[in-house]
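To start, the structure itself, in structure tokens.
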Amino acid sequence: MTTSHLQTLHWITRSLAGDEPLAERLHTMLVKLRASLPYAEARVIVLQTPAWSYCLPNQRTPSWAAHWTEEMLAARAPVTRSAGQQQHYLGWPICQDEELLGAVELWVVTEELDQSCIPLLDALVPLLAMTIQAEATRGLSQTTSQLAALQELQEQLDAPCLLAPLALTVTEWVQTHCAAQQALLHVIQDGRSSLLSFVGAAYDQVDTVATTTVLAHSAMHHSTALMHRNGNGLECALPLRVGRETVGALVVIGRGLRRESGELLYAAATLIGPALRRAVVYQQMADKEQQLARILSNLPTGLALTDREGLLLQSNPAWAHLWGVPETTIQGGQLVPWDMFEPLLPRLPDPIAFDQFFRHTEGAVWDATLQLQEPYQLLRILRIPLLDALGQRSLTLFVLTDITREREAERAKTEFVSVVSHELRTPLTSILGYTELLRARDFAPAERFELLDTVWRQATHLSSLVEDLLNVSRIDAGRITLSRWVLSLRQLVTELIAQMNKQLDHRHQLLLDIPAQLPPVYADRDRVRQILSNLLSNAIKYSPDGGEIVLRAEVLSTPPPSAPALPPEPALLITVRDPGIGIDPAEQQRIFERFYRVDNSNTRRIGGSGLGLSITKALVELHGGRLWVSSEAGEGSTFAFTLPLASDVVHTTNGYL
Numbered sequence: 007m008t009t010s011h012l013q014t015l016h017w018i019t020r021s022l023a024g025d026e027p028l029a030e031r032l033h034t035m036l037v038k039l040r041a042s043l044p045y046a047e048a049r050v051i052v053l054q055t056p057a058w059s060y061c062l063p064n065q066r067t068p069s070w071a072a073h074w075t076e077e078m079l080a081a082r083a084p085v086t087r088s089a090g091q092q093q094h095y096l097g098w099p100i101c102q103d104e105e106l107l108g109a110v111e112l113w114v115v116t117e118e119l120d121q122s123c124i125p126l127l128d129a130l131v132p133l134l135a136m137t138i139q140a141e142a143t144r145g146l147s148q149t150t151s152q153l154a155a156l157q158e159l160q161e162q163l164d165a166p167c168l169l170a171p172l173a174l175t176v177t178e179w180v181q182t183h184c185a186a187q188q189a190l191l192h193v194i195q196d197g198r199s200s201l202l203s204f205v206g207a208a209y210d211q212v213d214t215v216a217t218t219t220v221l222a223h224s225a226m227h228h229s230t231a232l233m234h235r236n237g238n239g240l241e242c243a244l245p246l247r248v249g250r251e252t253v254g255a256l257v258v259i260g261r262g263l264r265r266e267s268g269e270l271l272y273a274a275a276t277l278i279g280p281a282l283r284r285a286v287v288y289q290q291m292a293d294k295e296q297q298l299a300r301i302l303s304n305l306p307t308g309l310a311l312t313d314r315e316g317l318l319l320q321s322n323p324a325w326a327h328l329w330g331v332p333e334t335t336i337q338g339g340q341l342v343p344w345d346m347f348e349p350l351l352p353r354l355p356d357p358i359a360f361d362q363f364f365r366h367t368e369g370a371v372w373d374a375t376l377q378l379q380e381p382y383q384l385l386r387i388l389r390i391p392l393l394d395a396l397g398q399r400s401l402t403l404f405v406l407t408d409i410t411r412e413r414e415a416e417r418a419k420t421e422f423v424s425v426v427s428h429e430l431r432t433p434l435t436s437i438l439g440y441t442e443l444l445r446a447r448d449f450a451p452a453e454r455f456e457l458l459d460t461v462w463r464q465a466t467h468l469s470s471l472v473e474d475l476l477n478v479s480r481i482d483a484g485r486i487t488l489s490r491w492v493l494s495l496r497q498l499v500t501e502l503i504a505q506m507n508k509q510l511d512h513r514h515q516l517l518l519d520i521p522a523q524l525p526p527v528y529a530d531r532d533r534v535r536q537i538l539s540n541l542l543s544n545a546i547k548y549s550p551d552g553g554e555i556v557l558r559a560e561v562l563s564t565p566p567p568s569a570p571a572l573p574p575e576p577a578l579l580i581t582v583r584d585p586g587i588g589i590d591p592a593e594q595q596r597i598f599e600r601f602y603r604v605d606n607s608n609t610r611r612i613g614g615s616g617l618g619l620s621i622t623k624a625l626v627e628l629h630g631g632r633l634w635v636s637s638e639a640g641e642g643s644t645f646a647f648t649l650p651l652a653s654d655v656v657h658t659t660n661g662y663l
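Written out as structure tokens, the structure is:
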């Protein structure tokens, strides 16, 4: 052994004899050993309970060959082996009185191993054996304070709790009783590890979490305690187990950690593992319950669960909403439905039918449609008996669905089919009849022209109906695009009125109230023409007694009281007023629905497909405008809509078109 080796051995002896924690003394020993034996990586294994190891350097995971270590420990003899690429492995078991205490391992990178290091390692091993043995004789039993701390932890863990409270309890207990600056609890759920709690902010949290996560994963993967020294002090990672299953890991960091702290942490880990497993199960149950509660709360379908006696156990918000009663009136323990009778009675046109439905107690599924009034509403209620293991009804589930719109849609579609069939059949009958006459007989030119004119008008009406149907399809598919330009509304209206005057009889008069200096709009010329044509045609059609039909346009300054919320951009207000049959206020919102027609003798006599206003409203809104109506039954109607002004052009040209 060289003089340098003897000096190194002297320094190592002094460092191992100190009072510092064993991990700190091993760190000092490995640093001093490198001065005489320049190794690349080194590890000291301590086969205590729990077994642990200390590595240097600690910035990366050593690439140890586990079977070499096992071979050396099994043989209890040193192993020296070349691994190729100038790498050499040296492994020495640490034994005392035939008891295996651990091992020291080195990786040396050199072309040829210096054999003079062998005596140094031979002399080092007895020193390590005495150090480990002396450490093992210290504190063989828990102190009274440690036992009290463990008892305190056990009492806290016995109470059922979710993951977050458990993690806070564990990490705060560790900081209090183990002189730790930081504590981290990792949990394995669904086969994946995640950081559950981080307590302590003495060091940089980002770096700490990153490095300790690697340490925790290693401890969980190998199911063994690991210790690691860095600038933050000593880091200890303990796997948390239930039987043979690893459920998580506890990582503790502190500069003042001692052997006693390690023993206390190891004992605590045996308590934390089962508590963590229970908390995972509680958390999964709580999460599923919250998910189910959120689903039920957001369902548009009303649900209510009652017991065998009809007492309400649980319901969701839609149950009260669909009945049209305040949610506060629906409470657990109520007798369904009789405790609901008082708030529902004004809306029940047939209380006896309502009562009979809920008295049905047979085992089969039962459903019915209930009608409410003020406002009109159709509810489909489904009664589902839930049977116990003996086949007896123990619970009953009520499912409530509002089918008002569905029934109205069915009615509207049926009406639409009827109307369209009539609207198609009428012109087709005329066309076929007159063309058959023209084929069968020779008519005078005047009579022939009259017949052909009738055929042309009926074909035009048929074409208009087909075009309405196509427009509905285009709107649904979003295939209507606007070709927008700066447009003079006055010029367009003048052309349209000139064309429509040819179709008017002597009973109707079209009047215009449009300023000469009206600002231009930014719109699609053909679509605006279609909007005005639909509104003017309706005004004429639904004014069977004739009268003045007034079309007015002006810059919108103050929205009319009947107007809905309007966009803030500058706009023109266009109105079409007629002296016709008017519209009942209850029908005014529905006339813009597709297929909807006001059901009275006047509208049935006048006819129509029920699509015109729906298409008109869609075209106005495509321009960014709004369409609405003001009317009273028997007093005429005023339809109003807005179109955006061509503001930029007005400001640029400083004038009107």
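For the sequence shown, our numbering begins at 7 and goes up steadily by one.
Even glycine gets a Cβ: it sits at the ideal position worked out from N, Cα and C.
Go ahead and pull the three-state DSSP assignment for A255. strand
To test your reading of the DSSP string, which unbroken beta strand (DSSP E) runs of 3 or more residues are found completely within the region 274-338? List check, beta strand (DSSP E) in window: 308-313, 318-321.
Using the DSSP secondary-structure output, state which residues sit across from M233 in a beta bridge. C242
Which whole-angstrom value describes the C-beta separation of L282 and L172, a residue pair presumed to lie in contact below a C-beta threshold of 8 angstroms? The Cβ separation is near 7 angstroms, so the contact holds.
The region 484-502 contacting the region 510-529, beta-carbon criterion three pairs below 8 angstroms: yes
Compare the Cα-Cα distances from P352 to each of Y382, I336, Q340, G338 and report the closest residue. Y382
Counted within 10 angstroms of its Cβ, other Cβ atoms place D584 as buried (16 or more) or exposed: D584 comes out buried.
Go through its chain and collect everything with a Cβ distance to R66's Cβ below 6 angstroms, but skip five positions before and after it. Since pLDDT at R66 reaches only 45, below the 50 mark, its modelled position is unreliable, and the value read off the structure follows with that caveat. Hits under 6 angstroms: none found.
Selected residue, minimal CA-CA separation from T175, among P433, Q162, A135, A155: For T175, the closest of P433, Q162, A135, A155 by C-alpha to C-alpha distance is Q162.
Using a 10 Å radius around the Cβ and a threshold of 16 neighbouring Cβ atoms, would you call E30 buried or exposed? buried
C-alpha gap between Y662 and R496, whole angstroms: The predicted position of Y662 is uncertain, since its pLDDT is 40 and thus under 50; no value can be drawn from it.
May I ask you to verify whether the region 298-316 touches the region 410-425, counting CB pairs closer than 8 angstroms and requiring at least 3? Too few Cβ pairs lie closer than 8 angstroms, so no.
How would you label R49, buried or exposed, when you count the other beta carbons within 10 angstroms and need 16 or more for buried? buried
Local conformation of I409 per DSSP, three classes: coil
Would a C-beta distance cut-off of 7 angstroms place R646 and W634 closer than the cut-off? Per the sequence shown, residue 646 should be read as Ala rather than Arg. Yes, the Cβ-Cβ distance between A646 and W634 is below 7 angstroms.
CA nearest to the CA of L126, picked from A324, E421, A41, S321: Measuring from the Cα of L126, the nearest candidate turns out to be A41.
Rounded separation between V180 and C101 - CA only: A direct Cα-to-Cα measurement between V180 and C101 gives close to 34 angstroms.
Is P355 helix, strand or coil by DSSP? coil
Y95 in three-state terms, based on DSSP: DSSP, reduced to helix, strand and coil, places Y95 within a strand of the structure shown.
Identify whether H512 lies in helix, strand or coil by the three-state DSSP scheme. coil
Could you pull out every residue in the same chain whose Cβ sits closer than 8 angstroms to the Cβ of S229, ignoring the five residues on either side in sequence? P245, R247, T252
C-alpha distance - E380 paired with L557, whole-angstrom precision: 37 angstroms
Less than 6 angstroms separating the Cβ of C167 from some heavy atom of the ligand FMN? Here there are no bound small molecules, and the ligand FMN is not part of this structure.
Buried or exposed (CB count within 10 angstroms, at least 16 for buried), I537: With 16 or more other Cβ atoms from the protein chains shown falling within 10 Å of its own Cβ, I537 counts as buried.
Examine the Cβ distances between the region 512-527 and the region 464-482 and report whether three or more of them are shorter than 8 angstroms. no
Classify L319 as buried or exposed, calling it buried when 16 or more other Cβ atoms lie within 10 Å of its own Cβ. By the neighbour-count rule (16 or more Cβ atoms within 10 Å), L319 is not buried but exposed.
Since L133 and E111 are thought to touch, with beta carbons under 8 angstroms apart, how far apart are those beta carbons, to the nearest angstrom? Contact doesn't hold; Cβ gap of about 16 angstroms is too wide.
Sheet register partners of G90 (DSSP bridge): Q93
Contact between the region 393-408 and the region 425-442 (3+ Cβ pairs under 8 angstroms): no
List, from N- to C-terminal side, the beta strand (DSSP E) runs of 3 residues or more that fit wholly inside the region 551-632. 553-561, 577-584
Is the beta carbon of S636 less than 7 angstroms from the beta carbon of G588? Using a Cβ distance threshold of 7 angstroms, S636 and G588 do not count as a contacting pair.
Boundaries of the alpha helix (DSSP H) in which E473 is found, first to last residue: Element bounds for E473: 451-483.
Taking its Cβ as the centre, do 16 or more other Cβ atoms sit within 10 Å of W3, making it buried, or is it exposed? Residue coverage of the chain in this structure runs from 7 to 663, which leaves residue 3 outside it and unanswerable.
Measuring CB to CB, does I336 end up less than 7 angstroms from A326? yes
With respect to the alpha helix (DSSP H) encompassing E178, which residues constitute its N-terminal and C-terminal limits? 169-183
What does the Cβ neighbour count give for G206, buried or exposed, with the cut at 16 atoms within 10 Å? Its pLDDT being 45, under 50, G206 is placed unreliably in this model, and the coordinates cannot settle the point.
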